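In what follows, a structure is listed as structure tokens, so that the remarks can point back to it.
2 protein chains.
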Amino acid sequence: MEGKKVTLRDLALKAGLSVNTISRALKDKEDIALSTRKTIKDLAKEMGYVGNALAGSLRSGLTKTIAVIVSDVANPHFGIMVKDIEKSARKHNYTIFVINTEDEHEMEERAIYTAIGKNVDGIIICPSQRSAETIRILKKNGVPFVLIGRRFEEEPDFDYVICDDEKGGYLATKHLLDNGHKRVLFLNGPDRISSARERLDGYRRAHREAGLPVSGELIIEVGASAGDTRQIVKGLIERKADFTGLFAFNDVIAWEAAYVLQKYGFRVPEDYAVVGFDNIQSRLFIPFQLSSVSNSKGKMSKRAVDIVLHKINHPDSRERFREVIDTTLILRESTK
Amino acid sequence: MEGKKVTLRDLALKAGLSVNTISRALKDKEDIALSTRKTIKDLAKEMGYVGNALAGSLRSGLTKTIAVIVSDVANPHFGIMVKDIEKSARKHNYTIFVINTEDEHEMEERAIYTAIGKNVDGIIICPSQRSAETIRILKKNGVPFVLIGRRFEEEPDFDYVICDDEKGGYLATKHLLDNGHKRVLFLNGPDRISSARERLDGYRRAHREAGLPVSGELIIEVGASAGDTRQIVKGLIERKADFTGLFAFNDVIAWEAAYVLQKYGFRVPEDYAVVGFDNIQSRLFIPFQLSSVSNSKGKMSKRAVDIVLHKINHPDSRERFREVIDTTLILRESTK
DNA sequence: TTGTAAGCGTTATCAC
DNA sequence: GTGATAACGCTTACAA
């Protein structure tokens, strides 16, 4: 019962037909007698034939595979996106490779080479580096790809799907300022990624419109790795930093900050009002009512798949995709 | 600049050498002159050669790919495991396919066929069905695999890595009973999966030891899909179900239950004490101090990769892996 | 309606 | 040291 994989050749020998006939029969080609098709299909099932997509891919040049390159699937934001992407892709008979880069340059490069080497038909990538250099490798190799969540200003040629980060940053900050928080701490992501820079633009615009100054010491970059935020917030509390509003680059950071605030006996929103980004609460019901900027992960994921498939299926199309999906602020108790 | 993929043949033509020599030079084989190796490697870099793993795989029979089949990467529990698995696998130069089954039979079967068809070298799967039938397909096709998180009592031949679910269920329940909660609601996972059955065994043992009866109406199965739990807990609250302790099959369910309790104005732990399972808090700092059973996801993931690689590299080994990783109860404020 | 031959890009084997 | 040849399992084109 246990065994080697059954090949077309095995079926051919057993059936006394040529490999070719078997292949065509299994694909239900018209030019094979109906009766033969039936016999062969039954035999295939009986022998547990599964087929070697590899060999077919080598010939056809298509692997029906998409690589998804993100910094970290353990972050629910990416976990949710990867799930949605996989789901969309599966509908079109595509399988996905998932590669984490941990936001590191070298890993991103390796991920890209791995994907190309495995002959994926397309790539959906959330780039983590400032330079577009790594991504250019894809262009050079003629691999269809689309950026998700981040973009490169200097490369208008790269297709992308992002959310309106500037608006999100603006809405979150404005809400805090409107609620009387004159000093809003911004725990931002690394400056090298576009979404962090654009959210900061929004943060600045809100201050400008409110006629309030932006103090540099309230804008702090936190690393992507879990735990980093805790140290920083601890430090801020201990040196009694002056702020009452807190806007975080993403929900994970916001949670972590609120976690530390709670540990120190502060209450949210009474002592500190907190706003996150990603609105993970829409998919995971956490018993902490975090106000957050919603960026329609589902929509972004679906568009990314559509775009990359479009590029796979229309390699000569010169169409460009630069999609910015709307963001909205979802208010909950963390900023009551 | 944009272009077709460069092949060994292209390099060979350019260099005036045979395809074979190029191949061996790139792999740093001793039998190629050092100078030639250098020239060729430089040329490869210059021309942007990436190599077609597909073709190599067809020949070697190895794809350096592992499929990871889980119900849902958007659940942080799986997101974290997939991340850990990817990381371990990457260290050994393996890439992972991720396929979600949404806990559905048909999708699980499809996932398995897809994985086999893509010639993965091995599979790590968290099976979602009662019957081991689908998994047997793997045996039949001779694909090395290991179960993670769940097992089949009737198939002692399947290797697995699980956590001590019975003990986890026992510890959580005992803790609640010890704290005076005579009626402990158990929001369990579907009975068709082994971990749910074993956690229930633990729940029962704790009651037995405490000399308390187990009431059937306190054991409720909740679906895997987010949102399901909310309806159920709402219903329980509205018909004033009699319980003060709550043990959930996983943290996601526990959060969701606590979420609803909070919405109804109840406090945790003053009104209801809540214990989860998975201890996601160890990786994600949520500002809700949920007591939870820790199951060492990192250890499980790592072992699963080690085992599947071992099976890939020693196809004839008859060694059997049945690993049960210890569980511990981590106390936090949700059960103070 | 079915079979034959070539080829996809590599790697393994053996000869030069 | 390097090159020629076959092979991996399948598909496409064409012949029978």
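So the protein lines, in turn, are chains A and B.
Counted from 1, the first sequence has number 310 at position 307 by my numbering; the numbering is strictly sequential.
Counted from 1, the second sequence has number 4 at position 1 by my numbering; the numbering is strictly sequential.
Don't be surprised by glycine CBs; every beta carbon is placed ideally from N, CA and C.
Note that the coordinates shown come from a computational prediction; the quantities given were computed from them, not determined experimentally.
Check                                                                                                             : Outcome
Other residues of its chain near Tyr97(B): CB distance less than 7 Å, five sequence neighbours each side excluded : Lys67, Thr68, Ile69
Ala257(A) burial status per 10 Å Cβ neighbour count (16 or more: buried)                                          : buried
Residue-chain proximity (Asn298(A), chain B), Cβ-Cβ < 9 Å                                                         : no
Status (buried if at least 16 other CB within 10 Å, exposed otherwise) for Gln284(B)                              : buried
Minimum C-alpha distance to Val149(B) - residue among Ser197(B), Ile315(B), Glu336(B)                             : Ile315(B)
Where Asn191(B) sits in the DSSP three-state scheme                                                               : strand
Short-range partners of chain A found in the region 304-338 of chain B, where Cβ spacing is below 8 Å             : none
Any C-beta of chain A under 9 Å from that of Thr232(B)                                                            : yes
Element boundaries [alpha helix (DSSP H), containing Arg233(A)]                                                   : 231-241
Contact test: Val217(A) Cβ vs the ligand FAD heavy atom, cutoff 8 Å                                               : By its list of ligands, the structure shown contains no ligand whatsoever, and the ligand FAD lies outside what it can speak to.
Under 9 Å between C-beta atoms of Ala251(B) and Leu190(B)                                                         : yes
Nearest residue (CA-CA) to Val278(B), options Ser218(B), Arg133(B), Leu179(B), Val225(B)                          : Leu179(B)
Uninterrupted alpha helix (DSSP H) stretches inside the region 54-116 of chain B (no shorter than 4 residues)     : 56-63, 79-94
Under 8 Å by beta carbon: chain A residues contacting Lys48(B)                                                    : Under the 8 Å cutoff, chain A gives no residues; its nearest Cβ is about 12 Å from Lys48(B).
Cross-chain neighbours of Ala53(A) in chain B, by beta carbon under 7 Å                                           : Contrary to the premise, residue 53(A) reads as Val rather than Ala in this sequence. The answer, in chain order, is Tyr116, Ile119, Gly120, Asn144.
Cβ separation of Asp168(A) and Ser131(A), assumed to be a contact under 8 Å, to the nearest whole Å               : The pair is not a contact, with the Cβ atoms about 15 Å apart (cut-off 8 Å).
Strand pairing of Tyr163(A), partner residues [DSSP]                                                              : Leu150(A), Arg325(A)
Extent of the continuous alpha helix (DSSP H) to which Ala36(B) belongs                                           : Here Ala36(B) belongs to no alpha helix (DSSP H), and DSSP marks it neither H nor E.
7 Å CB neighbourhood of Tyr52(B) in its chain, flanking five on each side removed                                 : Val9, Leu14
is_contact[Ile10(A), chain B] using C-beta, thresh 9 Å                                                            : Position check: residue 10(A) holds Thr in this sequence, whereas Ile was assumed. Judged by the 9 Å Cβ criterion, Thr10(A) is not in contact with chain B.
Distance CB(Ile138(A))-CB(Val71(A)) smaller than 9 Å                                                              : no
Test item: CB-CB of Ala276(A) and Thr232(A) under 9 Å                                                             : no
Burial state of Asp162(B), where buried means 16 or more other Cβ atoms lie within 10 Å                           : buried
Distance, Tyr116(B) Cα to Asn55(A) Cα                                                                             : 11 Å
8 Å contact criterion, which Val271(B) and Asn282(B) should meet: CB distance rounded                             : About 17 Å; that fails the 8 Å criterion.
Amino acids of chain B, ordered along the chain, whose beta-carbon sits closer than 9 Å to that of Leu287(A)      : Ala77, Asn78, Pro79, Ala229, Val255, Trp258, Glu259
Contact set between Gln265(A) and chain B, taken where Cβ atoms lie within less than 7 Å                          : Pro290
CB-CB length for Ala209(B) against Tyr173(B), believed under 8 Å                                                  : 5 Å
Nearest-angstrom Cα separation, counted from Thr331(A) out to Ser63(B)                                            : 52 Å
Proximal residues of chain A, C-beta to C-beta of Tyr262(B) below 8 Å                                             : Phe288, Ile289, Pro290
Cβ neighbour criterion (16 or more within 10 Å) applied to Gly19(B)                                               : exposed
Per-residue DSSP class, three states only, for Leu20(B)                                                           : coil
Beta-carbon gap between Phe288(B) and Val263(A) smaller than 9 Å                                                  : yes
Beta-ladder partner(s) of Glu259(A), from DSSP                                                                    : Looking at the DSSP assignment, Glu259(A) forms no beta bridge with any residue, so it has no partner.
Val278(B) (DSSP reduced to helix, strand or coil)                                                                 : strand
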